[in-house]
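Contents: one structure, followed by commentary.
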Amino acid sequence: MPHIAMGEQEMSMLRTEIEILMRERQYLLKTVGATASFVSSLNFGNLPGHIRETASQLSSCLNALPEETLRDALKSQGKIIHL
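Under the numbering used here, the first residue of the sequence shown is numbered 229, with each subsequent residue one higher.
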């Protein structure tokens with residue numbers, strides 16, 4: 229891998245972008261954690277058909293997440309769940 233020299237301005241811009249991405253990740257983890265908590269509390273049998281279908285799709289999306297990501301998301305909500 230070639231060594232690329234970066235100036236102070238480029239380093240500062242990169243640092244700022246990484247900080248923005250990390251904040252966005254935290255917001256997304258909180259959103260996913262809250263969503264997972266909500267979905268886990270649903271009684272799918274009592275939901276109307278179209279809502280059940282949407283909740284099922286949401287559940288599938290959550291289940292497709294890597295285990296570590298889902299664990300981090302639940303931790304961001306203060307939830308302790310054994311996956």
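Glycine included, every Cβ here is placed at the ideal spot set by N, Cα and C.
Note that this is a predicted model, so its numbers are computed, not measured.
{"Query": "Can you tell me the Cα-Cα spacing of S269 and K307, whole angstroms?", "Result": "13 Å"}
{"Query": "Do you know offhand how far T263's Cα is from I248's?", "Result": "23 Å"}
{"Query": "Restricting to Cα atoms, I'd like to know which of Q285, L256, G277, I279 is closest to L298.", "Result": "L256"}
{"Query": "Let me confirm a value: R302 is counted as buried when at least 16 other C-beta atoms fall within 10 Å, else exposed. Which label applies?", "Result": "Here residue 302 turns out to be Leu, not Arg, going by the sequence shown. Buried."}
{"Query": "Taking the CB atoms as reference points, tell me whether V267 and S287 lie closer together than 8 Å.", "Result": "yes"}
{"Query": "Does DSSP put A283 in a helix, in a strand, or in coil?", "Result": "helix"}
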